[in-house]
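The listed protein sequences correspond, in order, to chains A and B. Everything in the first sequence is counted per the working numbering, starting at 240 for the first residue and increasing by one. Everything in the second sequence is counted per the working numbering, starting at 2 for the first residue and increasing by one.
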Amino acid sequence: MINYSKFEINETKLEAKYGLPSELKYCRSCVISNQRPNSTVEYQHTENSKKETIHFDEEGVCDACRFAESKTKIIDWKQREQELIDLCNKYRKKDGSYDCLIPGSGGKDSFYAAHILKYKYGMHPLTVTWAPHIYTPWGWHNFQAWLNAGFDNFLCTPNPRTHRLLTRIAVENLFHPFQPFIFGQKSLAPKMALSHDIKLVFYGENEAEYGNPISDTSLAKRDWKYFAAEDKSKVYLGGVSLEALERDFGVEPVELLPYIPANPDELEQKKVEVHYLGYYLRWHPQECFYYAVENGGFKPSPERTVGTYSKYNSIDDKIDDFHYYTTYIKFGIGRATYDAAQEIRNEEITREEGVALVKKFDGEFPERFAEEIFQYLSIPEKDFPVAFKMFEQPMIDRDYFMALTDTFRSPHLWKRENGSWKLRYPIYEERREDYE
Amino acid sequence: MSNIRLMARLDVKGPNLVKGVQLEGLRKIGDPHVFAKEYYDQGIDELIYIDIVASLYERNNLLEIVRSATKDVFIPLTVGGGIRTVEDVRDVLRAGADKVAINTAAIKRPELIREISKRFGSQCMVLSIEAKKVIQGKWEAYYDNGREKTGIDVIEWAKRGYELGAGEILLTSVDMEGTAKGFDVDLVKATSNAVPIPVIASGGMGNINDMISVINDGCADAIAMAHVLHYKKLTVQEVRDYAASCNVNVRRLKHGQDNVG
Chain A
240 MINYSKFEIN ETKLEAKYGL PSELKYCRSC VISNQRPNST VEYQHTENSK KETIHFDEEG
300 VCDACRFAES KTKIIDWKQR EQELIDLCNK YRKKDGSYDC LIPGSGGKDS FYAAHILKYK
360 YGMHPLTVTW APHIYTPWGW HNFQAWLNAG FDNFLCTPNP RTHRLLTRIA VENLFHPFQP
420 FIFGQKSLAP KMALSHDIKL VFYGENEAEY GNPISDTSLA KRDWKYFAAE DKSKVYLGGV
480 SLEALERDFG VEPVELLPYI PANPDELEQK KVEVHYLGYY LRWHPQECFY YAVENGGFKP
540 SPERTVGTYS KYNSIDDKID DFHYYTTYIK FGIGRATYDA AQEIRNEEIT REEGVALVKK
600 FDGEFPERFA EEIFQYLSIP EKDFPVAFKM FEQPMIDRDY FMALTDTFRS PHLWKRENGS
660 WKLRYPIYEE RREDYE
Chain B
2 MSNIRLMARL DVKGPNLVKG VQLEGLRKIG DPHVFAKEYY DQGIDELIYI DIVASLYERN
62 NLLEIVRSAT KDVFIPLTVG GGIRTVEDVR DVLRAGADKV AINTAAIKRP ELIREISKRF
122 GSQCMVLSIE AKKVIQGKWE AYYDNGREKT GIDVIEWAKR GYELGAGEIL LTSVDMEGTA
182 KGFDVDLVKA TSNAVPIPVI ASGGMGNIND MISVINDGCA DAIAMAHVLH YKKLTVQEVR
242 DYAASCNVNV RRLKHGQDNV G
């Protein structure tokens, strides 16, 4: 049951969930708020985790905007490219084997990364893909178009039954349907590098471009904590320990194999290095889109993505709409906010335009795939004879989902007005004196 | 038979000329006025200005751009983007436009087409249609710069638009736009065959032969070019000369003559 009194309009002592900053602020330069969580180590993410959030400086500007400034003003990209050439020279192989591994979906960014490393820098990449929860038709098309531009690929599709269960658990405990994807997105590549004896792994842009601490961006290498774990007893999936998954949910240890992070000792021993290409090459999402269209058959989606105005980024997974819907509920930050913030930083749009887009699209309920996703998240007894007992209502319908949604709203962000939910301080109602 | 008209299409956003791919990922190209003047000097027949995000942002800031264009561009100007009422049309025409192109507002309230053509004449009412292929021989109309579906069949919509008084159709293929892979010839042909008014083929021109096929096979009455001109792959003169050499009935400029001369 929801205690609505916490969400009253005039309530003053407002509880902030998830360790979010109790006072909401918007970046002066883009549209992101100080509620945006940094990337977390998902293996340690439980119901009680406290979020680290994006840093704003004394002028009220977020780290992501400052980083974008440094991309144009401070960083010497000629020198960075030279570092990339040196790195490639060090690792390039001419004996008919792969010399680097590139994880990706075949979206615009991984298309660009793989293509430019192969055709401009003369590398011999192997690409690996961790499958989306449910492919969109255009996502599958773009994945194929990527490979057709000249790449070998391993597609890892985790057992959909286990994946569904983990997704449901992540929704129930953390309201985080995207989490099972993130596990593989971060750990598949290092594990594949180990098994194929490839020493160099390239990711695309650094998450710091979107607001992780700026100190993250000064090094090309990716922090191991995101994809490796020393002690399996400290690994949680959907906030549930491996032991509990096996004991209470009837999951076989082998079914968890794809989710288990790489062993850091082995990575150390085999000298696998994980680098961000975005450290070496100036990353510009819109130009990656152009590059992928011109050098391959990349297509934007045939309709705008729910909750935003764009058609070209993160379009391959039907669960994505729900991912951004949940961030809107938990942090007040929906997909249009993320997209507009990025485009403002890259000078595609102005802040004023960004605010208008947020007002128009943010938080839109993801109707188009809703029924399919509810079915995907349901845990019927016949398929999950042990796990289904762990849920108050194993089959998800709209009423259940909406009720669950409300339990994840934080009173410091949401108010209840005339029987409907509203953000207390949306950016488009920001007052001018807030700037002064 | 009347001339096939060569048009330059200038999509604008705020102060910038922009260009997308399939109407997405708008890349800033430069000052629209500089490009407009250049195409005029090269001998373009008409210009089309579209504020392609006007409906998205629910704003309308074309007037300034139109006013400045009319100072040194003396050919027909079609203007679109964010025009929602008869008053908006009046303002744009007063600023110097010759025709208005309307998509979103007409989809939301088709009667607007009748009101505009009644008040200002159908010669200035251009129905802009963003068409996306559904299956072979069938297209759906979109609005908000290719973002929103309508469920409306393009051919039916073109006929309806004609019946309501549209004098011309600006037909943009969302699938081909910005790709430089050629026009959607089937789309242009199906639309041209369905209505007696001129159809301007827009979206996809990558080389001169694309133009010839959309004129000969698609029965286009006019072609709109953007990518090939903005990225300087072709000049207006090259297009015109080649069209003439293929026996396409284009306006003939004497050698060395352009709109200015």
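Just so it is clear, CB atoms sit at the ideal spot from N, CA and C, and this is done for glycine as well.
Neighbouring residues, chain B, relative to glutamine 525 (chain A) (Cβ below 9 angstroms): Taking the first residue of the first sequence as 1, we reach residue 525 (chain A) at position 286. Within 9 angstroms Cβ-Cβ: Gly26, Leu27 and Arg28.
Note to self: Please report the distance separating the alpha-carbon of methionine 8 (chain B) from that of aspartate 578 (chain A).
What the structure shows: Walking along the second sequence from the start, residue 8 (chain B) turns up at place 7. Walking along the first sequence from the start, residue 578 (chain A) turns up at place 339. Looking at the two C-alpha atoms, the distance is approximately 34 angstroms.
Rounding to the nearest angstrom, what Cα-Cα distance links isoleucine 373 (chain A) and arginine 85 (chain B) in this structure?
Translated into the one-based positions of the first sequence, residue 373 (chain A) becomes position 134. Translated into the one-based positions of the second sequence, residue 85 (chain B) becomes position 84. Computed Cα separation, rounded: 40 angstroms.
- Could you tell me if tyrosine 232 (chain B) is buried or exposed, where buried requires 16 or more neighbouring beta carbons within 10 angstroms of its beta carbon? The residue labelled residue 232 (chain B) in the question sits at position 231 within the second sequence. The residue is exposed, with fewer than 16 neighbouring Cβ atoms inside 10 Å.
Original post:
In chain A, which residues lie with their C-beta within 9 angstroms of the C-beta of glutamate 149 (chain B)?
Top reply: Within the second sequence, numbered from 1, the residue matching residue 149 (chain B) stands at position 148. The contacting residues are Glu542 and Arg543.
At a cut of 8 angstroms, does the stretch 422–435 of chain A reach the stretch 358–367 of chain A through at least three beta carbon pairs? yes
Does the beta-carbon of lysine 252 (chain A) have 16 or more other beta-carbons within 10 angstroms, so that it is buried, or is it exposed?
-> Stepping through the first sequence from its first residue, residue 252 (chain A) is reached at position 13. Flag for lysine 252 (chain A) reads exposed.
Residues sharing a beta bridge with methionine 226 (chain B), DSSP: Here residue 226 (chain B) corresponds to residue number 225 of the second sequence, with the count starting at 1. Methionine 226 (chain B) pairs with B:Ala9.
Within 9 angstroms of chain B by C-beta, residues of the stretch 427–443 of chain A in sequence order: none
For phenylalanine 608 (chain A) and chain B, any beta-carbon pair shorter than 9 angstroms? Along the first sequence, read from residue 1 onward, the residue named residue 608 (chain A) stands at position 369. Not one chain B Cβ lies under 9 angstroms of phenylalanine 608 (chain A).
(Q) Is the beta carbon of tyrosine 551 (chain A) closer than 9 angstroms to that of proline 539 (chain A)? (A) Against the first sequence, residue 539 (chain A) aligns to sequence position 300. Against the first sequence, residue 551 (chain A) aligns to sequence position 312. Contact flag set, yes.
Using a Cβ-Cβ cut-off of 7 angstroms (strictly less than) and excluding sequence neighbours within five positions of alanine 575 (chain A), which residues of its own chain qualify? Taking the first sequence and counting its residues from 1, one reaches residue 575 (chain A) at position 336. So the list reads Gly546, Thr547, Tyr548, Leu596, Val597, Phe600 and Asp601, once near-sequence residues are dropped.
Glycine 179 (chain B) versus isoleucine 355 (chain A) - alpha carbon distance: Your numbering for residue 179 (chain B) matches position 178 in the second sequence. Your numbering for residue 355 (chain A) matches position 116 in the first sequence. If I take the Cα positions, the gap works out to 22 angstroms.
query = Can you tell me whether valine 625 (chain A) is buried or exposed, with buried defined as 16 or more other CB within 10 angstroms of its CB?
reply = Numbered from its first residue, the first sequence carries residue 625 (chain A) at position 386. Looking at its Cβ environment, which holds fewer than 16 other Cβ atoms inside 10 Å, valine 625 (chain A) is exposed.
Backbone CA spacing between glycine 31 (chain B) and isoleucine 572 (chain A) [nearest angstrom]: For the purposes of this step, residue 31 (chain B) is taken as residue 30 along the second sequence, with counting starting at 1. For the purposes of this step, residue 572 (chain A) is taken as residue 333 along the first sequence, with counting starting at 1. Approximately 33 angstroms, taken between the alpha carbons.
**Message:** Closest to tyrosine 282 (chain A) by C-alpha separation, out of A:Ile293, A:Lys317, A:Val479 and A:His294, would be which residue?
**Reply:** As a position in the first sequence, residue 282 (chain A) is number 43, starting the count at 1. If we check each option's Cα against that of tyrosine 282 (chain A), A:Val479 comes out closest.
Neighbourhood of serine 118 (chain B) by C-beta, 6 angstroms cutoff - its chain only, sequence neighbours within 5 removed: Your numbering for residue 118 (chain B) matches position 117 in the second sequence. Closer than 6 angstroms at the Cβ level, and outside the excluded window around serine 118 (chain B), lie Met126 and Gly166.
**Study point:** Meets three-Cβ-pair contact criterion under 8 angstroms: the stretch 222–241 of chain B and the stretch 190–203 of chain B
**Key:** yes
Worksheet entry | Residues that valine 127 (chain B) bridges to, as DSSP identifies them | As a first step, residue 127 (chain B) is located in the second sequence; it is residue number 126 there, counting from the start. Paired residue(s): B:Ala102 and B:Glu169.
message = On the DSSP bridge list, what partners appear for valine 513 (chain A)?
response = For the purposes of this step, residue 513 (chain A) is identified with residue 274 of the first sequence, where counting begins at 1. Paired residues: A:Val440.
Would the beta-carbon of threonine 406 (chain A) fall within 9 angstroms of that of glycine 477 (chain A)?
-> In the first sequence, residue 406 (chain A) corresponds to position 167, counting from 1. In the first sequence, residue 477 (chain A) corresponds to position 238, counting from 1. Their beta carbons are under 9 angstroms apart, which means threonine 406 (chain A) touches glycine 477 (chain A) by this criterion.
*Straight-line Cα distance separating isoleucine 271 (chain A) from leucine 1 (chain B)*: Look at the range of chain B in this structure, 2 to 262, and you will see that residue 1 (chain B) is not part of it.
Exposure of leucine 394 (chain A), with buried meaning 16 or more beta-carbon neighbours within 10 Å:
As a position in the first sequence, residue 394 (chain A) is number 155, starting the count at 1. With fewer than 16 other Cβ atoms within 10 Å, it is exposed.
Going along chain B, which residues have a C-beta under 7 angstroms from alanine 384 (chain A)?
One-based indexing of the first sequence puts residue 384 (chain A) at position 145. The premise fails here: alanine 384 (chain A) is roughly 13 angstroms from chain B at the closest Cβ pair, so nothing lies under 7 angstroms.
Notebook entry, point to check: Once you ignore the five residues that flank phenylalanine 417 (chain A) on each side, which residues in its own chain have a CB closer than 7 angstroms to its CB?
Noted result: In the first sequence, residue 417 (chain A) corresponds to position 178, counting from 1. Once the five neighbours on either side are set aside, the close Cβ partners of phenylalanine 417 (chain A) are Ile558 and His562.
- What residues are listed by DSSP as bridge partners for lysine 139 (chain B)? Walking along the second sequence from the start, residue 139 (chain B) turns up at place 138. Looking at the DSSP assignment, lysine 139 (chain B) forms a beta bridge with B:Ile136.
Under the three-state DSSP convention, the category glycine 262 (chain B) falls into: Stepping through the second sequence from its first residue, residue 262 (chain B) is reached at position 261. Because glycine 262 (chain B) carries a pLDDT of 48, less than 50, the predicted location of this residue cannot be relied on, and the following value inherits that uncertainty. It is coil, neither helix nor strand.
Q. Quick one: Cα of leucine 263 (chain A) to Cα of isoleucine 51 (chain B), how far?
A. By one-based count along the first sequence, residue 263 (chain A) stands at place 24. By one-based count along the second sequence, residue 51 (chain B) stands at place 50. Taking the straight line joining both Cα atoms gives about 38 angstroms.
*asked:* According to DSSP, glutamate 322 (chain A) sits in a beta bridge with which residue or residues?
replied: To locate residue 322 (chain A), count along the first sequence from 1; it is residue 83. In the DSSP output, where bridge partners are listed per residue, glutamate 322 (chain A) has none listed.
**Message:** Taking the alpha carbon of proline 245 (chain A) as the reference point, which residue from A:Glu668, A:Thr646, A:Ile666 and A:Tyr667 has its own alpha carbon closest?
**Reply:** Locating residue 245 (chain A) in the first sequence gives position 6, where the first residue counts as 1. Note that residue 245 (chain A) is lysine in the sequence shown, not proline. Cα-wise, what sits closest to lysine 245 (chain A) is A:Thr646.
(Q) Which residue wins for smallest C-alpha separation from serine 69 (chain B), given the options B:Ala96, B:Asn146, B:Val90 and B:Leu188? (A) The residue given as residue 69 (chain B) occupies position 68 in the second sequence. Ranking B:Ala96, B:Asn146, B:Val90 and B:Leu188 by Cα distance to serine 69 (chain B) puts B:Ala96 first.
By the criterion of Cβ-Cβ separation under 8 angstroms, what are the contact partners of valine 155 (chain B) in chain A? By 1-based counting over the second sequence, the position of residue 155 (chain B) is 154. Within chain A, no residue comes near valine 155 (chain B); the closest Cβ sits about 15 angstroms away, beyond 8 angstroms.
Practice prompt. Could you tell me if glycine 204 (chain B) is buried or exposed, where buried requires 16 or more neighbouring beta carbons within 10 angstroms of its beta carbon?
Written response: As a position in the second sequence, residue 204 (chain B) is number 203, starting the count at 1. Buried, because 16 or more other Cβ atoms sit within 10 Å of the Cβ of glycine 204 (chain B).
For phenylalanine 75 (chain B), count neighbouring Cβ atoms within 10 angstroms of its own Cβ and tell me buried if that reaches 16, exposed if not. Here residue 75 (chain B) is taken as the residue at index 74 of the second sequence, counted from 1. Label assigned to phenylalanine 75 (chain B): exposed.
- Interface residues of chain A around glutamine 137 (chain B) at Cβ under 8 angstroms? As a working note, residue 137 (chain B) is residue 136 in the second sequence. Within chain A, no residue comes near glutamine 137 (chain B); the closest Cβ sits about 16 angstroms away, beyond 8 angstroms.
Q. Does the Cβ of threonine 311 (chain A) have 16 or more other Cβ atoms within 10 Å, making it buried, or fewer, making it exposed?
A. Position 72 of the first sequence holds residue 311 (chain A). Classification of threonine 311 (chain A): exposed, given that the 10 Å Cβ count is below 16.
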